[in-house]
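>
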Amino acid sequence: MKPSSNTPAVACKAVTRVYGEGETAVQALRGIDLDIQSCELMMLVGPSGCGKTTLISIIAGILDKTDGACRVFGDDLAAMSAAERTLWRRENVGFVFQAFNLMPALTAVENVAIPLLINGVPRSQALERAGEMLARVGLDNRRHSLPSQLSGGQQQRVAIGRALVHAPRLVVCDEPTSALDHETGHQVMDVLRAVAAVDDRALVVVTHDARIFNFADRIARMDDGRITDITANAAAREAVPA
Amino acid sequence: MNSIALKMLMGDKLKYFGLVAGIAFATMLILQQSSILVGFARQTGAFIRDTAQADLWIMDPQVRFSQDQVPVRGTTIQLARGVPGVDWALPLYQGFLRGKMPDGTRFTMILVGLDDATLMGAPPVIADGTLADLRRDKAVFIQADKPEKKLMMKRGGNRPLAIGDRFSANDQEAVVAGTYRGRESFFWEPVVYTTYSRALQYAPPERNSLAFILVKVKPGHDLQTVKAALEDRTGLAVRTNEEFIKLTADYILNTTGILVNFGLAVALGVLIGSLVAGQTFYNFTLDNLRHYGALKAMGVSNSQLMGMVLLQAGTVAVLGYGVGVGLGSMMGWIVASQGLAFSMPWYVPAFAFTAIISVCALAAWLSLRQVFKLEPAVVFKA
Ligand SMILES: Nc1ncnc2c1ncn2[C@@H]1O[C@H](COP(=O)(O)OP(=O)(O)O)[C@@H](O)[C@H]1O
Ligand SMILES: [Mg+2]
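Here the protein sequences come in this chain order: A and B. The letter at position 129 of the first sequence is residue 129 when you use my numbering, and the numbering goes up by one with no holes. The letter at position 138 of the second sequence is residue 380 when you use my numbering, and the numbering goes up by one with no holes.
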């Protein structure tokens with residue numbers, strides 16, 4: 001069952017997260033209210049340590065919240081078992097990491113194929129679809145290159161291909177441009193916007209890189225475990241060719 | 243996922259080589275130590291195997307191993323021949339004797355006397371001459387294998403004893419009439435064959451001098467039944483070849499401490515091998531933990547992870563084992579050709595395989611615990 005279009009992709013209410021216990025407990029999230037729509041690129045920005053990574057980890061189903069309610073595509077992740085959450089992520093989430101996290105022994109096309117293989121797509125078919133995906137992120141001619149033979153920007157484009165190849169409804173990116181220089185970061189965001197932003201997909205991008213704020217549909221500013229304000233960036237969709 | 247697991251494994255050639263080499267080394271260590279132990283155990287039975295044309299050995303119950311000297315009464319042969327199911331029963335002399343080579347080199351031999359009429363109990367292969375030459379005057383046969391080690395004339399002769407040489411056995415003359423090939427034996431002394439009656443001439447006089455009676459069971463008769471009947475009739479111990487081999491091996495291995503020493507060496511081989519192989523695999527997994535974290539975040543289930551790690555462990559185990567067996571056999575072949583104790587029957591590699599697989603399974607299990615324990619949220623940690 002698909003949620004109706006006015007149901008948000010992500011709906012967080014009073015979400016908190018505490019790391020550790022007792023004296024050393026860290027209150028990373030202090031009550032987050034946030035809705036993310038199925039067709040937008042939401043940016044989470046704020047100083048280091050304000051809880052951005054913690055929040056997208058909870059949204060992506062790789063971390064438990066301490067309290068509050070969080071539904072993603074109508075599913076209550078907290079109610080699922082760990083195994084159920086694993087299956088849910090496999091199908092619904094694409095990840096982009098700051099450090100790319102490509103498998104060094106696999107070629108570009110094989111790296112992109114990983115989510116398909118995890119989802120049980122036969123290898124030859126997975127490689128074919130991964131090849132098409134690579135072409136879409138502009139790396140058609142680097143299919144058989146190893147990550148070590150690619151530049152940082154190229155690696156991050158491979159990672160974007162990997163995050164999108166299985167057509168997930170949610171894509172989370174943690175500081176996707178912080179390991180890249182300004183221009184390369186810009187190119188990577190161009191690709192992300194152009195390829196990832198489709199109507200049925202929510203994109204959450206964590207960043208403290210002000211130079212890419214322009215790619216967002218909306219920007220949620222965080223500080224000390226809270227969202228301080230959310231602003232719409234009307235120019236975004238029009239500014240960048242889709 | 244299998245292809246990913248294998249590429250992960252083989253991606254870093256150096257680590258991959260290290261893993262396979264570590265397991266190969268462990269395999270070799272286990273193979274080598276166990277093969278030496280088995281080799282020693284086998285060599286203790288060399289004389290019995292060389293003499294094994296009969297089915298049963300009759301001996302004094304006090305005999306502890308094949309070179310033990312507790313003779314029985316000569317009349318026992320007649321008793322044995324009267325037992326139903328006995329095809330033939332023949333005497334075999336065996337005793338340690340002092341000898342002196344032509345140049346004056348002294349040595350100790352194990353003299354074996356074969357029944358004069360049948361020469362039953364002779365070694366399996368005659369190298370020079372024919373067995374019947376044993377019936378010639380003063381004739382003895384010496385071992386053709388490595389005479390320079392066991393029968394070297396060191397006091398001027400400067401060559402091993404050879405056909406035609408005369409030497410003294412307990413101060414009486416013997417003539418080398420032929421040579422034979424026998425199994426490599428645990429017992430150092432050269433084994434010299436002659437006839438039963440001549441052996442009695444050479445040997446110092448004793449009241450009893452019959453070491454063993456070799457018994458052949460008639461076809462169609464049950465070995466165990468005949469054995470029991472012989473025991474009953476003679477009041478002595480009756481053993482099959484295998485029983486006698488085992489008795490000897492047990493006695494020698496235990497009294498010499500070989501069992502304990504090489505048993506420990508085998509255990510050490512397993513232990514060191516485990517540490518090397520297990521440690522390298524465990525480290526390999528830890529090195530890849532970051533990638534496992536990413537895979538977990540992307541939705542790889544625990545059973546898929548288990549499949550990957552087991553495939554990797556299984557692959558290096560089988561490959562490393564294969565290489566190890568290859569190298570181990572080659573080494574064994576070289577060692578064995580030097581006449582040293584080394585024997586690798588099927589159960590030695592089977593044992594090594596079990597040990598290696600267990601080690602790799604243990605390493606995989608320890609590795610998997612780390613992988614399972616891993617929070618997928620670590621993927622966002624820089
Ligand atoms: N696993 C953890 N254990 C303890 N404290 C943590 C852990 N992860 C994050 N924190 C703390 O939680 C707070 C928020 O961290 P994080 O979400 O990583 O912030 P950001 O991504 O905005 O830099 C920080 O104070 C951080 O030190
Ligand atoms: Mg962070």
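Idealized CB from N, CA, C, for every residue including glycine.
Do you know offhand how far Thr436 of chain B's Cα is from Pro402 of chain B's?
19 Å
> Smallest Cα separation from Leu452 of chain B: which of B:Gln336, B:Arg408, B:Gly562?
For Leu452 of chain B, the nearest C-alpha among the options comes from B:Gln336.
> With a threshold of 8 Å (Cβ to nearest heavy atom), would Pro115 of chain A be considered close to ligand 1?
Checking every heavy atom of ligand 1 against the Cβ of Pro115 of chain A, none is found closer than 8 Å.
> What do you get for Asp181 of chain A, buried or exposed, if any count of 16 or more other CB atoms within 10 angstroms of its CB means buried?
exposed
> Is the beta carbon of Ala470 of chain B closer than 9 Å to that of Asp302 of chain B?
no
> Smallest Cα separation from Met222 of chain A: which of A:Gly31, A:Gln149, A:Arg129, A:Leu203?
A:Gly31
> Taking 9 Å as the threshold (beta carbon to beta carbon), is Ala83 of chain A in contact with chain B?
It does; some Cβ of chain B falls within 9 Å.
> Which class does Leu472 of chain B belong to by DSSP, given the choice of helix, strand or coil?
Looking at Leu472 of chain B - three-state DSSP - the assignment turns out to be helix.
> Show which residues of chain A have a CB atom less than 7 Å away from the CB atom of Ser245 of chain B.
Arg123
> Applying the criterion that 16 or more other CB atoms from any shown protein chain within 10 Å of the CB defines a buried residue, is Gln466 of chain B buried or exposed?
exposed
> State the Cα-Cα distance for the pair Gly61 of chain A and Asp67 of chain A, rounded to the nearest angstrom.
14 Å
> Could you tell me whether the Cβ atoms of Arg123 of chain A and Ser543 of chain B are closer together than 9 Å?
no
> Should Phe95 of chain A be listed as close to ligand 1, given that the test is whether its C-beta is under 8 Å from any heavy atom?
no
> Going along chain B, which residues have a C-beta under 8 Å from Asn214 of chain A?
Residues of chain B passing the Cβ test: none, with the nearest at roughly 24 Å.
> Mind checking which residues open and close the alpha helix (DSSP H) that includes Val512 of chain B?
500-529
> Excluding five sequence neighbours on each side, which residues of the same chain lie with their C-beta closer than 8 Å to the C-beta of Pro446 of chain B?
Taking Pro446 of chain B as the centre and dropping the five residues before and after it, the same chain places the C-beta of Asn412 closer than 8 Å to its C-beta, in chain order.
> Can you tell me whether Glu415 of chain B is buried or exposed? The criterion is at least 16 other CB atoms within 10 Å of its CB, across all chains shown.
exposed
> Would Leu531 of chain B pass as a contact of Leu604 of chain B if the rule is Cβ separation under 9 Å?
no
> Quick one: does the C-beta of Pro176 of chain A sit closer than 8 Å to a heavy atom of ligand 1?
no
> Heavy atom of ligand 3 less than 8 Å from the Cβ of Phe100 of chain A, yes or no?
This structure simply doesn't include ligand 3; it includes ligand 1 and ligand 2 instead.
> Give me every residue whose Cβ sits closer than 5 Å to any heavy atom of ligand 1, in chain order.
Those residues are A:Tyr19, A:Val26, A:Ala28, A:Ser48, A:Gly49, A:Cys50, A:Gly51, A:Lys52, A:Thr53, A:Thr54, given in chain order.
> Where does Met351 of chain B sit, in a helix, a strand or coil, going by DSSP?
strand
> Note the first and the last residue of the continuous alpha helix (DSSP H) segment covering Ile246 of chain B.
Run containing Ile246 of chain B: 244-253, per the alpha helix (DSSP H) assignment.
> Can you tell me whether Val172 of chain A sits near ligand 2, meaning its C-beta is under 8 Å from at least one heavy atom of the ligand?
no
> If the cut is a Cβ gap below 7 Å, which residues of chain B does Thr86 of chain A touch?
Gly541, Ser543
> Which residues of the region 42-58 of chain A have a Cβ closer than 7 Å to any Cβ of chain B? Give them in chain order.
Thr53, Ser57
> For a contact meaning CB atoms closer than 8 Å, what does Pro176 of chain A contact in chain B?
Per Cβ cutoff of 8 Å: no residues; Pro176 of chain A is ~11 Å from chain B at best.
> At what residues does the alpha helix (DSSP H) containing Cys602 of chain B begin and finish?
589-615
> Confirm the yes/no value for this check: CB of Glu206 of chain A, any heavy atom of ligand 2, distance under 8 Å.
According to the sequence shown, residue 206 of chain A is Val rather than Glu. True, at least one ligand heavy atom lies under 8 Å from that Cβ.
> Counting only beta-carbon atoms, is Arg532 of chain B nearer than 9 Å to chain A?
yes
> Would you mind working out which of B:Trp330, B:Val325, B:Glu484 sits nearest Arg291 of chain B, comparing C-alpha positions?
B:Glu484
> Report yes or no: is there a C-beta of chain A within less than 9 Å of the C-beta of Lys615 of chain B?
no
> Note down the Cα distance separating Pro333 of chain B from Tyr438 of chain B, rounded to an integer number of angstroms.
7 Å
> Can you name, in chain order, every residue of its own chain whose Cβ lies under 8 Å from the Cβ of Ala369 of chain B, other than the five neighbours on each side?
Ala386, Gly420, Thr421, Tyr422, Arg423
> Check whether chain B comes within 9 Å of Met222 of chain A, counting only Cβ atoms and requiring the distance to be less than that.
no
> Could you list the residues in the region 599-623 of chain B with a C-beta less than 7 Å from some C-beta on chain A, going in chain order?
Pro618, Ala619, Val621, Phe622
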